[in-house]
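To start, the structure itself, in structure tokens.
In my numbering, the protein residues as written are 88 to 429.
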């Protein structure tokens with residue numbers, strides 16, 4: 088009976104110890120869980136807001152403009168008098184200099200007209216010489232003398248007109264260049280203003296493209312640009328701005344810019360398409376803010392401005408288009424203002 092009691096007492100003590108161990112374990116687990124919860128709660132506290140200072144900047148963008156590349160000069164050389172082609176001394180590709188003969192027209196009738204005018208002028212000079220001698224002896228009146236002298240001036244002008252008409256039968260190159268196309272053949276009859284050849288000057292090229300009103304200031308005369316020709320995209324050329332139009336194109340609203348590209352030896356032909364690359368200052372220097380500091384509600388933009396209080400102040404601002412991660416501020420902020428990002 089004693090051993091039985093001892094066994095029961097030992098079992099009771101074991102159960103008590105086990106209970107105490109279980110309760111202690113659960114208590115310690117609760118403590119640890121509470122500590123972990125408090126630690127996580129501390130970690131979830133809102134961080135201190137980041138802030139930025141409004142700085143002054145001049146947002147610049149690199150933009151591409153479609154451009155046309157045309158010869159410096161291009162002329163469809165016309166006939167100035169009617170006639171039949173006697174000589175066509177050029178072919179496509181012929182290099183010519185100003186004044187070189189391109190085409191000769193039949194000038195037989197013009198030569199006859201010049202001879203007739205010269206004969207009349209010579210006769211008028213002879214009569215004028217006699218009138219001078221007679222006028223000195225007062226045989227002819229002053230009126231008759233002036234009439235003969237006027238006839239000399241008239242016939243002289245007729246000679247000049249006939250000579251000019253004869254020279255117009257020889258059609259010459261208007262400038263140094265290359266014949267792009269011959270448009271007539273020997274024996275063809277041409278009329279006044281009919282083109283006989285096209286001549287181009289490729290020593291320089293004109294690079295033309297259009298820019299918006301806000302970008303005109305980025306293209307002052309003398310500025311060097313970067314040009315890529317679409318047919319040779321790896322080649323970079325450097326035209327120089329020559330001219331900016333003083334008025335916008337009425338149909339497109341853009342301003343034409345013309346640049347000059349040296350083209351020694353006529354290496355590049357005219358009529359190419361290209362792209363001009365240029366850095367453009369979209370807005371004048373002024374306050375700029377990073378895009379992360381700006382929030383939008385519809386069309387309105389807001390920032391959280393630090394005005395020295397305990398809480399940031401929502402402030403409405405007006406911004407321009409984003410440029411490389413910043414907004415130019417047009418209204419609402421000044422350089423030096425501090426803003427909260429979050």
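Glycine included, each C-beta is placed from N, C-alpha and C at the ideal position. As the structure is a prediction and not an experimental result, all values here were calculated from the model.
Query: Which residue's Cα is closest to the Cα of residue 236: 214, 250, 220 and 249?; Result: 214
Query: Candidates 210, 249 and 257: which alpha carbon is nearest residue 172's?; Result: 257
Query: Does DSSP put residue 350 in a helix, a strand or coil?; Result: coil
Query: Which residues bound the beta strand (DSSP E) around residue 389?; Result: 387-392
Query: Can you tell me the Cα-Cα spacing of residue 425 and residue 412, whole angstroms?; Result: 18 Å
Query: Whose C-beta lies closer than 7 Å to the C-beta of residue 163 among residues of the same chain, with five residues either side of it excluded?; Result: 282 and 285
Query: Closest to residue 427 by C-alpha separation, out of 110, 376, 138 and 99, would be which residue?; Result: 138
Query: How should residue 306 be labelled, buried or exposed, when 16 other C-beta atoms within 10 angstroms of its C-beta is the threshold for buried?; Result: buried
Query: Assuming residue 196 is part of the beta strand (DSSP E), what are its boundary residues?; Result: Per DSSP, residue 196 belongs to no beta strand (DSSP E); it is in the alpha helix (DSSP H), 195-223.
Query: Use the C-beta contact count for residue 339: other C-beta atoms within 10 angstroms, 16 or more gives buried, fewer gives exposed.; Result: exposed
Query: Pairs of beta-carbons, one from the stretch 201-208 and one from the stretch 245-255, closer than 8 Å: are there three or more?; Result: yes
Query: Taking the Cβ atom as the reference point for each residue, do residue 291 and residue 347 lie within a distance shorter than 9 Å?; Result: yes
Query: What are the residues that DSSP puts in a beta bridge with residue 272?; Result: The partner list for residue 272 (beta bridge, DSSP) is empty, contrary to what the question assumes.
Query: Determine the extent of the alpha helix (DSSP H) in which residue 241 is found, giving its start and end residues.; Result: 229-254
Query: How should residue 170 be labelled, buried or exposed, when 16 other C-beta atoms within 10 angstroms of its C-beta is the threshold for buried?; Result: buried
Query: Going by alpha carbons, who is nearest to residue 387 out of 159, 304 and 402?; Result: 402
Query: Let me know the alpha helix (DSSP H) ranges lying completely inside the stretch 88-159, each 4 residues or longer, listed in chain order.; Result: 89-130
Query: What is the residue span of the beta strand (DSSP E) that residue 288 lies within?; Result: 282-298
Query: In angstroms with no decimal places, state the Cα-to-Cα distance between residue 354 and residue 179.; Result: 16 Å
Query: By a C-beta neighbour count over all protein chains shown, 10 Å radius and 16 as the cutoff for buried, is residue 433 buried or exposed?; Result: Outside the shown range of the chain, which is 88 to 429, sits residue 433, and nothing can be said about it.
Query: Can you have a look at residue 242 and say buried or exposed, based on whether 16 or more other CB atoms are within 10 angstroms of its CB?; Result: buried
Query: In angstroms with no decimal places, state the Cα-to-Cα distance between residue 420 and residue 311.; Result: 35 Å
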